[in-house]
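In the UniProt record's numbering, the protein residues as written are 1 to 90.
In structure tokens, the structure reads:
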């Protein structure tokens, strides 16, 4: 198959193939994944905690739970945040 017989195939292949290093690929995946912090203050946190378990494992979708607000991209709060708890989130 040369480009004279199948010109569209050659153009399509050139535009759809991406060459990169594994380091660049892992950095791209880290940039694209969301790192949430599950912050539970009441009984509703039990529903959030089930996401971390093996049945609803959201690590496979790129959502890596963090234990510090400094590392998190998103804070999911279950319950009421009082004035006494607010400094730990800020």
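Idealized CB from N, CA, C, for every residue including glycine.
{"query": "Sheet register partners of residue 75 (DSSP bridge)", "result": "37"}
{"query": "Which of helix, strand or coil DSSP assigns to residue 24", "result": "helix"}
{"query": "Cβ distance (whole Å) where residue 34 is taken to contact residue 76 below 8 Å", "result": "Contact doesn't hold; Cβ gap of about 11 Å is too wide."}
{"query": "Euclidean distance between Cα positions of residue 66 and residue 87", "result": "18 Å"}
{"query": "Same chain, Cβ closer than 7 Å to residue 52, five either side skipped, listed in chain order", "result": "65"}
{"query": "Residue closest to residue 72, alpha-carbon to alpha-carbon, out of 37, 80, 49 and 83", "result": "37"}
{"query": "Beta-carbon contacts of residue 22 that lie in its chain and below 6 Å, excluding the five residues immediately before and after", "result": "none"}
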